[in-house]
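Q: Take a look at this one; I'll ask things after.
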Amino acid sequence: MSSTPVLTVRQRWTGLAVLVLAVTVVALDATVLSLAIPSISETLRPSGTQLLWIGDSYSFVLAGLLVSMGALSDRIGRKKLLLTGAAAFGAASLLAAYAPGPGWLILARALLGVAGATIMPSTLSLIRSLFPDDRERATAIGIWGAAATAGAALGPVVGGVLLEHFWWGSVFLLNIPVLLLLLVLGAWLLPESKDPEPGRWDVLSVGLSMAGVIGVVYAVKEGAAHGVARWDVPVTFLLGAAALTLFVRRQLRLETPLLDVRLFRDRRFTAAVTASLISLVGLSGVIFVVSQYLQLVRGYEPLQAGLAELPAFAGSVAGGLLTARIARRFGARKALTVSLLAMGLAAGALGWLQQDTTYLLLAVSFLITGTAEGVVYTLGADLVLSAAPADKAGAASAVSETAYELGTALGIALVGSVVGSIYAGGLAVPAGASPEVAARAGESLGAAVETANGLSPDVAQPLLASAKDAFVHGMNSAGLLAGVLLVGAGVLAWLLLRGLSAPTAPEPVAVGGPEEPGRAERAEQPQLHA
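This is how it looks when you write it as C-alpha cells:
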C-alpha cells in the first residue's frame, strides 16, 4: 500500500483540480493539431506520409511508453514523475511551435509523447491515493474522465480560435502558461505516493513493450496506407508481435513485473481496456478526418470548424460527469455496451456524409460520439482501477491510458490511411496538369488545394472538384469502418461483462475503520459501475 498521508476533504478536491489540469493539457494536445493540418501543409510542405506522422507520432510514443512510465511512477513517486513530465512537456512544446520543417515537427511531437507518458498514469494513480473511499473516488474519476475526453474534444475548438489570429505554432505555445501553473500548484498541493516495495524497474521489459507497440502500430498504419505487399509491413508486424510476446512471457517470470499481465484474467479489466482502445479509434479517426473535411471541402475557417465540432466537447463533458449515475442505475454492462453501440452508429453516419449534407447530421453525430465516449472512458478507468491492487495503481492506470493513447494513434493511422489510400486511388488529375502537379495533389487533399492555387482556372477547378469527391468517398468508407469496429467492441463488452454487474452497490468502507486495510480499494463491485 502507498504511504499517502491522511488528507482533508479540501486537500483532496484541490489536489484533484491540479490533476484535472494535467490530464486536460495532455488530452488537448492529442487533437489540437487537427485543424492546423491545412496550415502546416501550406507552410512546411510535408509529404502525405509525413503528414500522418505529424498527426500520430505523439500518440504512438505516448502509447509505447505509458506502461513503462506507470511502473516507474510506482517506484520513484507519482508526484515527482508528474512534475518532471510537465517541465519536459513545456520544453517539447517550444520545440514544436518553432519547428523549421516536417522532420523537426515529427521529432518534437515524439518528445511530447515521451513527456506526456510521464504525466498521464500519474494523474489516475494519484486519484487512487487521494480518494480511498469508493463513493468519493467514483465522483473524482467521473470529473477526471470528463476532463480527459473534454480536452480531446475541445482541441479543435481551441485550435480554431488560435489559428484565426496566429500561426499554427501557437497551438503548442498555449501549453506553456498552463504547465507553469501546473508545476507551481502541483508542487504545493499534491501529496507524494508510491509503492514502498516496488522492486527493480526492468529496462529490458521497457524496450520490449516500446518496440512491440510501435512495431505493430507502424505495420497497421503502413498496411492500411500502402497494402501488406510491401516487405516492411509484414516484417515490422512480426517483429512487433514477437517483442510483445517476449514482453508477456518475461512479465510472467519476473517477481516484480513491469506490468502484471495476470490482470487481464479479470474480465472487467479486459473489457475496459478493449472498450477504451476501440472507442478512441473511432473518436480520434473521426475528428482527424472531419476537421479536414470542414475546412478543405466545406470551406470553413479554422474557428468556424472548431465551433462546428463543439457538440463533441459538450457531449464528452456531460457523459463523463453522468457516468456514475448512469452506471449505478443500469449497471456497467449495459452502460458500456450501449455507449459503444451509440458511438458505432454515430461514426457510421459519416458513411452518408456528402459535400452539401446539412450540418445537423454532423452535429448530432458529434454529440452522440462525444457523450458515449465520455461514458466509455470514465467507466473504463474505474473498471481498471477496481481490478488492480492499490499498490500497483500506477501500472494499472498506465494500461488504461495506453489503451486511450494507442486508440488515438490507431484511429489517426488506420482511418487516416484508409482515407488517404481511397483518395489517392480516386483522384482524377486533369489532362493539362504536369506530372509534378499530379504527384503533389495525390499526396493529400491539403496538398491538392495548395497546388490548385498556382494553376489556371481550367485546370484548378476540375482538380479541386475531383480531390474533394475522392476525399469524401474515403471519409465515407472510413466512417463505416469505424462504425463496424465500435459495434464489434460493444458486442465484446456485453459478453465479457456477463454476470459481473451487481444490481446494487456495496456500502463504502469507512476510512480508518476496523475493516481490512485496502478493502475499499479492492471491492468487487466499486460504486461507479455497480
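Counting in this note's numbering, the sequence shown runs from 22 upward without gaps.
In this text, a Cβ means the ideal position worked out from N, Cα and C, and glycines have one as well.
1. Which of the three DSSP states is assigned to residue 428 in this structure?
2. What span of residues does the alpha helix (DSSP H) with residue 198 cover, start to end?
3. So for residue 54, helix, strand or coil by DSSP?
4. Does chain D have any CB closer than 8 Å to the CB of residue 184?
5. Ordered along the chain, which non-local residues of its own chain (more than five positions away) have a Cβ less than 7 Å from that of residue 182?
6. One question on the structure: do residue 21 and residue 448 come within less than 8 Å of each other, judged by their Cβ atoms?
7. So what's residue 376 in DSSP terms, helix, strand or just coil?
8. Quick one, which of 478, 458, 117 has its alpha-carbon nearest residue 469's?
9. Can you say whether residue 380 is buried or exposed, counting buried as having 16 or more other CB atoms within 10 angstroms of its CB?
10. Can you tell me whether residue 334 is buried or exposed? The criterion is at least 16 other CB atoms within 10 Å of its CB, across all chains shown.
11. Considering only C-alpha positions, which residue in the set 264, 265, 283 is nearest to residue 273?
12. Between residue 62 and residue 471, which are expected to be in contact by the criterion C-beta below 8 Å, what is the C-beta distance as a whole number of angstroms?
13. Can you grab the Cα-Cα spacing for the pair residue 268 / residue 235, in whole Å?
14. Provide the residue span of the alpha helix (DSSP H) that contains residue 266, from first to last.
15. Decide if the segment 196-215 is in contact with the segment 63-75; the criterion is three or more beta carbon pairs, one per stretch, under 8 Å apart.
16. By alpha-carbon positions, which one of 479, 37, 393 ends up nearest to residue 147?
17. Within 10 angstroms of the Cβ of residue 49, are there 16 or more other Cβ atoms? Answer buried if so, exposed if not.
18. Excluding the five sequence neighbours on either side, which residues of its own chain have a C-beta within less than 8 Å of the C-beta of residue 295, listed in chain order?
19. Of the residues 127, 103, 125, 158, which one's Cα is nearest the Cα of residue 136?
20. Rounded to the nearest angstrom, what separates residue 375 and residue 317 at their Cα positions?
21. Given a cut-off of 8 Å on the beta-carbon distance, is the pair residue 507 and residue 368 in contact?
22. With 16 as the cutoff for other CB atoms within 10 Å, does residue 455 come out buried or exposed?
23. Could you name the residues of the same chain whose beta carbon sits closer than 8 Å to that of residue 450, not counting the 5 residues immediately before and after it, in chain order?
24. Which of the three DSSP states is assigned to residue 457 in this structure?
25. Alpha helix (DSSP H) containing residue 290: first to last residue?
26. Can you check which of these residues, 475, 154, 107, is closest to residue 134 by C-alpha distance?
27. Tell me whether the segment 342-359 and the segment 88-96 touch, counting them as touching only if at least three CB pairs, one residue from each stretch, are closer than 8 Å.
28. Check for me: the alpha helix (DSSP H) holding residue 482 runs from which residue to which?
29. If we count the other Cβ atoms within 10 Å of its Cβ and call it buried at 16 or more, is residue 524 buried or exposed?
30. Around the Cβ of residue 478, are there at least 16 other Cβ atoms within 10 angstroms (buried) or fewer (exposed)?
31. Given this structure, state the Cα-to-Cα distance separating residue 496 from residue 407, to the nearest angstrom.
32. For residue 449, does the three-state DSSP call read helix, strand or coil?
33. Say the cut is 7 Å; is the CB of residue 365 nearer than that to a heavy atom of the ligand HEM?
34. Is residue 74 helix, strand or coil by DSSP?
35. From residue 195 to residue 292, what distance separates their C-alpha atoms?
A: A quick look at the data gives this:
1. As a working note, residue 428 is residue 407 in the sequence shown. Note: residue 428 maps to helix in three-state DSSP.
2. Along the sequence shown, read from residue 1 onward, the residue named residue 198 stands at position 177. From DSSP, the alpha helix (DSSP H) with residue 198 extends over 196-210.
3. Indexing the sequence shown from 1 puts residue 54 at position 33. Look at residue 54 here: in three-state DSSP terms it is coil, with no helix or strand label.
4. In the structure shown, chain D cannot be found, because there is only a single protein chain.
5. For this step, residue 182 is matched to residue 161 along the sequence shown. Same-chain partners within the cutoff: 324, 327.
6. Beyond the ends of the chain as shown, which are 22 and 551, falls residue 21; an answer cannot be given.
7. Walking along the sequence shown from the start, residue 376 turns up at place 355. Note: residue 376 maps to coil in three-state DSSP.
8. Counting from 1 along the sequence shown, the entry for residue 469 is found at position 448. The shortest C-alpha separation from residue 469 is found at 458.
9. Mapped onto the sequence shown, residue 380 falls at position 359. Its Cβ having fewer than 16 others within 10 Å, residue 380 is exposed.
10. The sequence position of residue 334 within the sequence shown is 313, counting from 1. Residue 334 counts as buried, since no fewer than 16 other beta carbons sit within 10 angstroms of its beta carbon.
11. On the sequence shown, position 252 is the one that residue 273 refers to. For residue 273, the closest alpha carbon among the candidates 264, 265, 283 is that of 283.
12. On the sequence shown, residue 62 is found 41 positions in, with the first residue counted as 1. On the sequence shown, residue 471 is found 450 positions in, with the first residue counted as 1. About 6 Å separates the two Cβ atoms, so the contact holds.
13. Translated into the one-based positions of the sequence shown, residue 268 becomes position 247. Translated into the one-based positions of the sequence shown, residue 235 becomes position 214. Roughly 14 Å between the two C-alpha positions.
14. In the sequence shown, counting from the first residue as 1, residue 266 sits at position 245. From DSSP, the alpha helix (DSSP H) with residue 266 extends over 253-274.
15. Taking 8 Å as the limit for Cβ pairs, the verdict is that the segment 63-75 does not touch the segment 196-215.
16. Taking the first residue of the sequence shown as position 1, residue 147 is located at position 126. Residue 147 has its Cα closest to that of 37, out of 479, 37, 393.
17. Numbered from its first residue, the sequence shown carries residue 49 at position 28. Buried is the label assigned to residue 49, since at least 16 other Cβ atoms lie within 10 Å of its Cβ.
18. Here residue 295 is taken as the residue at index 274 of the sequence shown, counted from 1. Within the same chain, residue 295 has close Cβ partners 424, 510, 513, 514, 517.
19. Within the sequence shown, the letter at position 115 stands for residue 136. Checked all of 127, 103, 125, 158; the closest Cα to residue 136 is 103.
20. Residue numbering aside, residue 375 sits at position 354 when the sequence shown is read from its first letter. Residue numbering aside, residue 317 sits at position 296 when the sequence shown is read from its first letter. Rounded to whole angstroms, residue 375 to residue 317 spans 13 Å at the Cα level.
21. Residue 507 sits at position 486 when you count from the first residue of the sequence shown. Residue 368 sits at position 347 when you count from the first residue of the sequence shown. The answer is yes: Cβ separation under 8 Å.
22. Stepping through the sequence shown from its first residue, residue 455 is reached at position 434. Burial is judged here by how many other beta carbons sit within 10 angstroms of a residue's own beta carbon; residue 455 has fewer than 16 and is exposed.
23. In the sequence shown, counting from the first residue as 1, residue 450 sits at position 429. Its chain contains 458, 459, 462, 463, 484, 487 as the residues whose beta carbon lies nearer than 8 Å to that of residue 450, once the 5 sequence neighbours on both sides are disregarded; these appear in chain order.
24. Start at 1 with the first residue of the sequence shown, and residue 457 comes out as number 436. The answer is helix: DSSP assigns residue 457 an H, G or I state.
25. Looking up residue 290 in the sequence shown gives position 269. Judged by DSSP secondary structure, residue 290 falls within the alpha helix (DSSP H) whose first and last residues are 288-313.
26. In the sequence shown, residue 134 corresponds to position 113, counting from 1. Out of 475, 154, 107, the CA that lies nearest to the CA of residue 134 is found in 107.
27. Judged by Cβ distances under 8 Å, the segment 342-359 makes no contact with the segment 88-96, as fewer than three pairs qualify.
28. Locating residue 482 in the sequence shown gives position 461, where the first residue counts as 1. Its alpha helix (DSSP H) spans residues 478-517.
29. Translated into the one-based positions of the sequence shown, residue 524 becomes position 503. Bear in mind that a pLDDT of 36 at residue 524, under 50, signals an unreliable position, so the number given afterwards is only what the model happens to contain. Classification of residue 524: exposed, given that the 10 Å Cβ count is below 16.
30. Within the sequence shown, the letter at position 457 stands for residue 478. Per the 10 Å Cβ criterion, exposed.
31. Counted from its first residue, the sequence shown places residue 496 at position 475. Counted from its first residue, the sequence shown places residue 407 at position 386. In this structure, the alpha-carbon of residue 496 lies about 38 Å from that of residue 407.
32. Locating residue 449 in the sequence shown gives position 428, counting from the first residue. In this structure, DSSP gives residue 449 a state outside helix and strand, which the three-state scheme calls coil.
33. No copy of the ligand HEM occurs in the structure displayed, which carries no ligand at all.
34. Taking the first residue of the sequence shown as 1, we reach residue 74 at position 53. Here residue 74 sits in helix by DSSP.
35. Your numbering for residue 195 matches position 174 in the sequence shown. Your numbering for residue 292 matches position 271 in the sequence shown. One C-alpha to the other measures close to 35 Å.
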